[in-house]
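In the working numbering, the protein residues as written are 0 to 710. Quick notes on the structure that follows.
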Amino acid sequence: MDCWPGNPYPLGATWDGTGTNFSLFSEAAEKVELCLFDDAGKEERIELPEFTGYIWHGYLHGVGPGQRYGYRVHSPYRPERGQRGNASKLLHDPYAKALDGIVDWDPAVFPYKVGSEKQDLAVDRKNSSRYVPKCVVVSPFFDWANDRSPNTPWHETIIYETHVKGLTISNPDVPPELRGTYAGVMEPSVIAHLKDLGVTAIELLPVHHFVHDHFLHERGLSNYWGYNSIAYFAPHSEYTSSGVSGQQVQEFKQMVRTLHQSGIEVILDVVYNHTGEGNHLGPMLCFRGIDNLAYYRVSAEEPRHYVDYTGTGNSMNMRHPHVLQLIMDSLRYWVLEMHVDGFRFDLAATLARELHDVDRLSAFFDIIQQDPVLSQVKLIAEPWDVGEGGYQVGNFPTLWSEWNGQYRDTIRDYWRGEGGTLAEFAYRFTGSSDLYETSGRRPYASINFITAHDGFTLNDLVSYNEKHNEANRDDNTDGDDHNRSWNHGVEGPTDDPGIVAMRSRQMRNMLTTLFLSQGIPMLLGGDEFGRTQWGNNNAYCQDNEISWYDWSLAEKNKELLEFTSELIHFRKVHPVFRRRRFFMGQPIRATDLADIGWFKPDGELMSEQDWEEGYAKSIGVFLNGEAIPSPDPRGQPITDESFYLLFNASEQELDFTLPKGRWGERWEEILNTAKTPSFVPEEERRTYSAGEQLTLTNRSVVALLRADQQG
């Protein structure tokens with residue numbers, strides 16, 4: 000087959016309607032062969048004829064969508080110098096838009112002789128092409144119709160974190176052939192559940208094509224979560240119902256278009272900090288064989304080994320311009336071509352490491368800041384990694400929101416009755432101004448969560464004192480040992496009615512705190528109906544009933560589901576719970592009534608000394624709805640109702656005295672987590688007067704509406 004010179008850009012395989020341009024970056028290569036595969040797996044090798052600025056390229060007339068391909072890169076194999084070229088190994092294109100197949104863990108996928116005395120120093124020349132995925136040329140054309148992003152304002156966003164497969168694989172309302180796929184996510188019953196719940200965005204665990212780790216394969220497990228990416232442009236092929244010859248791209252686009260039509264945004268959890276090739280003893284699938292020194296951080300003292308800030312064996316080399324280009328091109332592709340609405344960056348502190356220290360003004364963030372596409376989408380950082388100085392909550396640039404780990408820890412501690420948490424609770428409940436305000440950020444910089452994929456579910460958080468990860472086959476040594484959980488007297492499931500009732504109330508307490516806090520709430524998928532992982536707090540390798548959603552719980556725990564939905568809609572109706580600016584603690588509208596007030600149970604304002612009382616676990620919060628900052632800086636303030644929230648995290652019931660005078664004369668009880676249903680029907684609401692006492696059940700929340708408010 001004649002290969003024309005083609006063009007160096009765009010990188011990857013680009014079909015133009017009559018043929019395909021192939022382009023691959025490698026500084027290390029001495030020669031690059033493009034390998035084409037027919038349906039029977041027969042391989043044809045074509046040397047790329049042109050070399051422009053370390054980019055190898057060529058054009059093949061007549062080659063189009065569905066064509067499977069890969070590369071063989073000829074370069075030195077000198078691991079002690081950080082060079083790992085091995086043309087015996089088929090490599091996939093870093094810019095591949097689709098991959099067909101998964102890794103078959105034959106020894107041929109490793110570039111060295113497995114089990115040899117010299118380990119990775121002894122090169123292996125077996126052909127790996129039978130055992131690795133093949134890239135697929137795809138058509139970029141898709142009928143997006145009139146698709147537009149819902150573009151939900153940050154302060155109105157409610158995130159639902161979920162897994163593509165786990166969400167629908169056991170859902171009886173989804174056709175069997177669509178369960179666990181992109182098509183399953185866009186099924187009417189699934190979208191109806193999300194809409195009824197009230198979420199505005201789904202955050203999908205990794206959908207970039209990923210690798211199932213070798214050590215998990217040997218244990219009979221798999222990488223369920225997918226934090227092991229190997230192809231940053233390709234939707235993972237195991238989540239498709241329609242085929243792996245490019246159809247997965249079309250199916251993903253259909254999912255996004257359908258969710259957008261329902262007003263739901265799509266946020267992707269992305270893993271650019273490391274790849275699925277692992278440490279120096281890992282397989283050769285892509286980057287390692289193309290240009291190891293360009294793509295990975297290697298040790299300056301011992302280039303054979305990688306610098307590892309992620310705990311996975313390698314770290315991407317963010318100092319190299321072509322690595323930065325790869326990541327930026329990938330992000331723009333998912334926004335412009337796949338129409339996603341934002342990203343959550345796994346272990347984002349790693350991306351900020353220019354040399355060793357985390358630098359929030361690193362090149363990566365500078366590039367994002369000036370990019371006309373990426374600067375306009377939702378950007379969320381997981382603001383830590385496992386390296387020294389990697390915990391960076393509150394230190395990301397102004398465009399970014401962050402998973403607020405301090406929020407999670409504080410709310411868990413507060414509701415399990417830890418002393419000395421009251422002042423911290425106040426900061427977290429009001430948007431964590433101590434973390435974000437000084438850098439010019441707003442409350443929506445804080446992504447508030449109590450549970451996430453990594454750790455206990457909400458049900459397990461109130462049901463287990465200890466992790467139970469035996470199914471991971473690692474002797475229960477994996478996962479976090481400090482979960483800030485409480486089983487309320489019995490480890491795991493129980494029929495004790497008192498414990499069951501307390502656990503249910505505690506779940507309502509934490510959900511109420513989450514959705515009435517300033518900032519952006521993130522709900523772990525399945526928590527709305529009490530999903531359990533039976534105490535497993537690290538279910539990354541459990542592609543089974545441990546991780547899959549048990550949809551029968553939606554009926555069994557119907558009260559919890561209805562409460563969660565009602566709570567979310569309550570937040571949506573009242574802007575006082577989703578302010579765009581931090582509380583000032585100062586009078587508003589030229590009155591002597593502050594925007595917020597903190598009270599002791601006796602109805603008196605909190606003093607500085609009161610905040611320092613380590614035993615205090617109960618507090619009242621006045622939220623003034625009369626003058627909330629408008630989304631439009633030039634507009635009139637938004638007027639909402641005012642609320643008085645009472646929190647009792649102590650083990651005893653307490654009498655709360657309502658504040659007197661200017662704070663409000665009459666109060667109406669609208670929510671009480673000690674009751675079921677917790678939202679009090681209008682005809683049953685009790686009214687209290689200023690100075691009157693009401694008794695709060697131990698470990699409960701009560702929300703009162705100011706009934707005498709004007710306007």
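Note that the Cβ used here is the ideal one computed from N, Cα and C, for glycine as well. As the structure is a prediction and not an experimental result, all values here were calculated from the model.
Is it buried or exposed, Ser438, if we count other Cβ atoms within 10 angstroms and call 16 or more buried? As a first step, residue 438 must be located in the sequence shown, where it is residue number 439. Exposed, because fewer than 16 other Cβ atoms sit within 10 Å of the Cβ of Ser438.
Excluding the 5 residues flanking Val339 on each side, which residues of the same chain have their C-beta closer than 6 Å to its C-beta? Indexing the sequence shown from 1 puts residue 339 at position 340. Cβ within range, chain order: Val265, Leu267, Trp333.
Sorted by chain position, which residues of the same chain lie with C-beta nearer than 8 Å to Arg178's C-beta, five sequence neighbours on each side aside? Here residue 178 is taken as the residue at index 179 of the sequence shown, counted from 1. Contacts found: Thr167, Ile168, Ser169, Asn170.
Taking all protein chains shown into account, do 16 or more other C-beta atoms lie within 10 angstroms of the C-beta of Tyr406, making it buried, or fewer, making it exposed? Counting from 1 along the sequence shown, the entry for residue 406 is found at position 407. Of the other Cβ atoms in all chains shown, 16 or more fall within 10 Å of the Cβ of Tyr406; this residue is therefore buried.
Using DSSP bridges, identify the partner residues of Leu315. Start at 1 with the first residue of the sequence shown, and residue 315 comes out as number 316. Note that residue 315 corresponds to Met in the displayed sequence, not to Leu. Paired residue(s): Tyr295.
Let's test the definition: count the other Cβ atoms within 10 Å of the Cβ of Asp474 and tell me whether it reaches 16, buried, or not, exposed. The residue given as residue 474 occupies position 475 in the sequence shown. Counting Cβ neighbours within 10 Å, Asp474 comes out exposed, since fewer than 16 surround it.
Considering Ile519, what are the terminal residues of the beta strand (DSSP E) in which it resides? For this step, residue 519 is matched to residue 520 along the sequence shown. That run of the beta strand (DSSP E) goes 519–523.
At what residue ranges does the region 374–410 contain a whole run of the beta strand (DSSP E), taking only runs of 3 or more? Complete beta strand (DSSP E) runs here, min 3: 377–380, 400–402.
Would you mind sorting Gly388 into buried or exposed? The rule is 16 or more other CB atoms within 10 Å of its CB. The residue you call residue 388 lines up with position 389 of the sequence shown. With fewer than 16 Cβ atoms within 10 Å of its Cβ, Gly388 is classed as exposed.
Residues that Asn20 bridges to, as DSSP identifies them: As a first step, residue 20 is located in the sequence shown; it is residue number 21 there, counting from the start. Thr13, Tyr58, per the DSSP bridge assignment.
For Arg685, count neighbouring Cβ atoms within 10 angstroms of its own Cβ and tell me buried if that reaches 16, exposed if not. For this step, residue 685 is matched to residue 686 along the sequence shown. Exposed: under 16 other Cβ atoms inside 10 Å.
Taking all protein chains shown into account, decide if Glu186 is buried (16 or more other Cβ within 10 angstroms of its Cβ) or exposed. Translated into positions along the sequence shown, residue 186 becomes position 187. With 16 or more Cβ atoms within 10 Å of its Cβ, Glu186 is classed as buried.
Would a C-beta distance cut-off of 9 Å place Leu622 and Glu652 closer than the cut-off? The residue labelled residue 622 in the question sits at position 623 within the sequence shown. The residue labelled residue 652 in the question sits at position 653 within the sequence shown. Against a cut-off of 9 Å, the Cβ pair of Glu652 and Leu622 comes out as no contact.
Taking DSSP's pairing of strands, which residues face Tyr305 in a bridge? Taking the sequence shown and counting its residues from 1, the one referred to as residue 305 is at position 306. Tyr305 is bridged to Val297.
My output table needs one value for Val108: the three-state DSSP class, helix, strand or coil. As a working mapping, residue 108 is identified with position 109 in the sequence shown. Val108: helix per DSSP, three-state reduction.
Assign Ile669 to one of three DSSP states: helix, strand, or coil. Along the sequence shown, read from residue 1 onward, the residue named residue 669 stands at position 670. DSSP places Ile669 in strand when its eight states are reduced to three.
Excluding sequence positions up to five away, which residues of its chain have a Cβ less than 8 Å from the Cβ of Ser361? For this step, residue 361 is matched to residue 362 along the sequence shown. The beta carbon of Ser361 sits closer than 8 Å to the beta carbons of Met317, Leu350, Ala351, Arg352, Glu353 from its chain, once the five residues preceding and following it are set aside; these are given in chain order.
Locate the beta strand (DSSP E) running through Ala702, then write down its first and last residues. As a working note, residue 702 is residue 703 in the sequence shown. The continuous beta strand (DSSP E) containing Ala702 extends over residues 699–705.
Taking all protein chains shown into account, decide if Asp654 is buried (16 or more other Cβ within 10 angstroms of its Cβ) or exposed. Your numbering for residue 654 matches position 655 in the sequence shown. Asp654 comes out exposed.
Should the region 112–123 be regarded as contacting the region 218–225, the criterion being three or more beta carbon pairs within less than 8 Å? No: fewer than three Cβ pairs fall under 8 Å.
Is Cys540 helix, strand or coil when you go by DSSP? In the sequence shown, the residue the question calls residue 540 occupies position 541. In the structure shown, the three-state DSSP call for Cys540 is helix.
Nearest-angstrom Cα distance between Pro78 and Ala121? Here residue 78 is taken as the residue at index 79 of the sequence shown, counted from 1. Here residue 121 is taken as the residue at index 122 of the sequence shown, counted from 1. The alpha-carbon atoms of Pro78 and Ala121 are separated by roughly 9 Å.
Compute the Euclidean distance between the alpha carbons of Asn272 and Leu196, then round it to the nearest angstrom. The residue you call residue 272 lines up with position 273 of the sequence shown. The residue you call residue 196 lines up with position 197 of the sequence shown. Between the alpha carbons of Asn272 and Leu196 lies a distance of about 33 Å.
Can you look up Val322 in the DSSP assignment and give me helix, strand or coil? Start at 1 with the first residue of the sequence shown, and residue 322 comes out as number 323. Annotated three-state conformation of Val322 is helix, per DSSP.
Among the candidates Asp384, His321, Gln324, Gln253, whose CA atom is the shortest distance from the CA of Thr309? What you label residue 309 is simply residue 310 of the sequence shown in a count that begins at 1. It is Asp384.
To test your reading of the DSSP string, which unbroken beta strand (DSSP E) runs of 3 or more residues are found completely within the region 109–135? Listed in chain order, the complete beta strand (DSSP E) runs (minimum 3 residues) inside the region 109–135 are 133–135.
Go through its chain and collect everything with a Cβ distance to Arg665's Cβ below 8 Å, but skip five positions before and after it. Within the sequence shown, residue 665 is the residue found at index 666, counting from 1. Taken in chain order, the residues that qualify are Thr686, Tyr687, Ser688, Ala689, Arg705, Ala706, Asp707.
How many angstroms separate the CA atom of Asn145 from the CA atom of Lys377? The residue you call residue 145 lines up with position 146 of the sequence shown. The residue you call residue 377 lines up with position 378 of the sequence shown. Whole-angstrom Cα-Cα distance: 21 Å.
Three-state class that DSSP yields for Tyr687 in the structure shown: Against the sequence shown, residue 687 aligns to sequence position 688. Three-state DSSP puts Tyr687 in a strand.
What whole-angstrom Cβ distance do Asp172 and Ser188 have, given they're in contact under 8 Å? For the purposes of this step, residue 172 is identified with residue 173 of the sequence shown, where counting begins at 1. For the purposes of this step, residue 188 is identified with residue 189 of the sequence shown, where counting begins at 1. Asp172 to Ser188, Cβ: 4 Å. Contact.
How should Ser236 be labelled, buried or exposed, when 16 other C-beta atoms within 10 angstroms of its C-beta is the threshold for buried? The residue you call residue 236 lines up with position 237 of the sequence shown. So Ser236 ends up on the buried side.
Taking Cβ positions, are Ser699 and Thr672 nearer each other than 9 Å? Within the sequence shown, the letter at position 700 stands for residue 699. Within the sequence shown, the letter at position 673 stands for residue 672. Closer than 9 Å, so yes.
With distances taken between CB atoms, is the gap from Tyr76 to Arg83 smaller than 9 Å? Taking the first residue of the sequence shown as 1, we reach residue 76 at position 77. Taking the first residue of the sequence shown as 1, we reach residue 83 at position 84. Taking 9 Å as the cut-off, the beta carbon of Tyr76 is found closer than this to the beta carbon of Arg83.
Locate the alpha helix (DSSP H) running through Asn458, then write down its first and last residues. For this step, residue 458 is matched to residue 459 along the sequence shown. Looking at the DSSP string, the run of the alpha helix (DSSP H) that includes Asn458 is 457–460.
For Gly165, name the three-state secondary structure that DSSP assigns. As a first step, residue 165 must be located in the sequence shown, where it is residue number 166. Three-state result, Gly165: helix.
Of the choices Asp1, Gly663, Arg80, Phe50, whose alpha-carbon is the least far from that of Pro762? Nothing about residue 762 can be read from this structure; the chain reaches only from 0 to 710.
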